[in-house]
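Numbering (the numbering used here), first residue to last: 531 to 1506.
Since the structure comes first, as structure tokens, the remarks are kept for the end.
What follows is the structure, encoded as structure tokens:
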């Protein structure tokens, strides 16, 4: 039979689906006695654009590994689903007038959209590539039977607090008991700053609303007014990782900073555990470092500077202005260099700091407000990244130095962030480059003092001295002569004595905003009584997303759920009812925000373990068996988003007894990006004439991207298709090369629809087959590196599969496999490949495996090998990479079960033991020919054979060599 990939692949994909070949066995099922191995890909967001050839790279790699593990006897869980909630579907719905649930369904399952466009659908595209996914466990985060568990986890977080002493989360009811018995003075909890101290008697006297307001300061998910990234164009709050260069990643809309009441997750409680857990997982160092930097642990001191009062238009440093000290107005500063406290010459607050409005003098009010408005238009990331721009405004206020009692001017500057540390810094220009630049930039202005040098024998005339090593403190009262370590300890002791500071460990990691003012997300299971949040009982979940007519915010600025008519909670009947019925007695308003896009992806790997469980997200039995993910593959762009939030939720669920392990993903691999090879045409400026790439030198041309489907493998443009592509190209004229062809230019860029360089897997599968696509993507280069797509290389891989086929079938398509005993060379070729492929898969070096397959098939073809003893194991070796052809070969060899159930061939080293050596024979150091000799010959025996060889005699031409150098097993060299 002839190798027909389309026919073969359709046949075996149908077989796998009908027989559920890749369905993983759960505990107590036949097959679950095998050791487990859980292999997972980051599930895709199902966009209307579908998959391009870059998307399946990680999926193919994980599939190769999954199939290999099945061959090794593991019970493999390799599921797939869709991260189907989120911003993109909603934006698409707004633009096209379609419902996001409809577009999401069509994008996954295929069909026709509202505009009549045929959508292939993710599922169909994935099936065509031949993945061994267990589709019986498919999840979609936007399905109510899934997100009811997301809502349930939210409730667990709300009903929990974090104990610093025991370093884990506990039920909020435990905290209430402590409050009832002894108040909160001895409670060691992660909570809001400045929580008021109360006794048990005071707690017990509080109203229920008062108690709830206090508990919100401790809960792991809580309501608070926070500084957020507000995107007016999208009408929602964005996470830092959803913003690029000051604009939204989705849509490119400007983002500003704004205070809003939001739900937040107290991820900061887990900062140290998130940091320490990195030591226990097999992730790349670059991803670990990204998370370490994001968490940002630093050790130092919290220092309180008392704010001095002011009198308008009077010199703030004169004695008469320092006569009042407010009791409560302190500027708290976290510093990693408390030893430099005597070098403070000014303070800088974040423009959003709560004290700014309170302490700013009337004379400075206009300048301060203008600066705050300007800063609000810049994202935090933009402000952090911009280290060159210096800007700030003096508030007119002063703070008092805790030791010298000198007044210190207070400025605001956008390089200080409200959410990092305390939102204030004590500026020590002599010891910090940014403070040094700031002080010099505003030198001589009102409110900027002269730089003080507190380092002995250090010149700061040109730059700050940022090192803390090998330097003594000077001009610093009781710290003089001390080094960094000793001075730091001494300062903290003195600060504690006067009640103006303590030693502290700080983290850059901030609590995660968990509200979105959008429609297409998980509804919160929350209703409001007297403005305070109440949780809906878990037994009434899911709270299903209601229908709305418009997906934009309401006219009065409420989120889209404000458009819903059936969106109030009836506490008597425990159901969602019409908003007109709200009486704030039995029927109350529901939360109008929805959860962020990362909610559903923060626990989905556990749902796969028991996807059809209707009572809980997964049974304890299933969780205990599967534990966590053994191999996780996905993009590095999720380092400080999904990968961090997932670890946080997993640790929380572990604390509450719902997850069996601390970490969700044992090993993580970040696949590199497959880049597109963009095609360019070159138009003469001011004309509609296009010049061939090899004719543009010296010409004033405008490069224009063109659809790669108009270009052949020789980079020749199809003129007819190009002219029909766009109306303005209908009348295009061309300057061809010497061969009368128009050659395009090529650039390697990100694969994108807007660059017209997208190649879909559907096209490749239709022309060459899925096995060719799978092999080629693995052959392109190391998995973790970026590499350009080059369709020209596909034909070589397709040729390899046809050559493999010919080992089994003759020209008349008859099976030619025989039962002949394999030769030593046959066995050597096979076992060399077994060893190489097994090692490569375990080390994820998939590209070198494909090279070895090609070498092996070439060798076996040259050996004219058709032995079943060789070709059966060869089919198994190939099957993880090219499963369709392997299944067909296995079937044609007479087997009735799937090749995926067969053990992987075992390497036997004896077949690689070399008995002969091919020696290079050199004359005066220059190699002239080779000779194969037994390895057990002595040097004398080798010399005798060499001297008798007629090729040697020809080279010597009657001469006798002065010296014959022979190293058995290595070289032969005749000198002279």
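Yeah, the Cβ is synthetic: ideal placement off N, Cα and C, and Gly gets one too.
For residue 1451, the enclosing beta strand (DSSP E) starts and ends at 1446-1453. For residue 621, the secondary structure class from DSSP, reduced to helix, strand or coil, is helix.
Boundaries of the beta strand (DSSP E) around residue 1108: 1105-1108. Beta-bridge partners assigned by DSSP to residue 679: none are found.
Of all alpha-carbon atoms in 769, 764, 1206, the one lying nearest the alpha-carbon of residue 1083 is that of 764.
In this structure, 925 is the residue among 925, 781, 879 with its C-alpha nearest to the C-alpha of residue 839.
Counting only residues of its own chain and dropping the five nearest sequence neighbours on each side, residue 905 has a CB closer than 6 Å to the CB of 881, 944. Cα atoms of residue 563 and residue 557: separation of roughly 8 Å, rounded to the nearest angstrom. Residues 1444, 1445, 1446, 1447, 1498, 1499 of the same chain have their beta carbon placed closer than 8 Å to that of residue 1465, with the five preceding and five following residues left out of the count. Across the structure, residue 1461 and residue 1366 are spaced so that their CA atoms are roughly 27 Å apart. Judged by beta-carbon spacing, residue 1138 lies beyond the 8 Å limit of residue 583, meaning their Cβ atoms are not closer than that value.
Between residue 1102 and residue 1116, the C-beta spacing is below 8 Å. As a beta-bridge residue in DSSP terms, residue 930 pairs with 836, 937.
Residue pairing for residue 657: DSSP places it in no beta bridge.
For the stretch 1118-1172, the continuous beta strand (DSSP E) assignments of 3+ residues that do not extend past its boundaries occur at 1159-1163, in sequence order. Residue range 751-761 is occupied by the beta strand (DSSP E) that includes residue 754. At the C-beta level, residue 829 and residue 1035 come within 8 Å of one another.
Per DSSP, residue 1248 has no beta bridge partner at all. Taken in chain order, the unbroken stretches of alpha helix (DSSP H) that lie wholly in the stretch 1328-1380 and span 4 residues or more are 1354-1372. In this model, residue 1502 and residue 1485 are separated by some 14 Å (Cα to Cα). With fewer than 16 other beta carbons inside 10 angstroms of its own, residue 1385 counts as exposed.
Of the residues 774, 813, 681, the one whose Cα lies closest to the Cα of residue 783 is 774.
A straight-line Cα-Cα distance of about 15 Å links residue 1320 and residue 1210. Within its own chain, the residues whose Cβ lies closer than 6 Å to the Cβ of residue 1450, once the five positions on either side in sequence are excluded, are 1457, 1460, listed in chain order. According to the DSSP assignment, residue 567 belongs to the beta strand (DSSP E) that extends over 566-571.
Burial of residue 1098 is indicated by the presence of at least 16 other C-beta atoms within 10 angstroms of its C-beta. Following the DSSP letters along the chain, one finds residue 988 in no alpha helix (DSSP H), marked with neither H nor E.
Short of 7 Å from the beta carbon of residue 911, and not among the five residues preceding or following it, lie these beta carbons of its own chain, in chain order: 770, 773. Taking one beta carbon from each stretch, the stretch 1031-1047 and the stretch 1111-1128 have 3 or more pairs nearer than 8 Å; the two touch. Here residue 1441 has 1357, 1358, 1361 as same chain residues with Cβ atoms under 6 Å from its own Cβ, once five neighbours each way along the sequence are excluded. Within the same chain, and ignoring the five residues on either side of residue 872 in sequence, the residues whose Cβ sits closer than 6 Å to its Cβ are 984, 1006. Rounded to the nearest whole angstrom, the C-alpha separation of residue 1214 and residue 1258 is 14 Å. Of all alpha-carbon atoms in 1075, 622, 654, the one lying nearest the alpha-carbon of residue 1094 is that of 1075. In the structure shown, the three-state DSSP call for residue 581 is coil. Per DSSP, residue 949 lies in no beta strand (DSSP E) and is assigned neither H nor E. By a beta-carbon distance limit of 8 Å, residue 1305 does not contact residue 1405. Their separation comes to about 14 Å.
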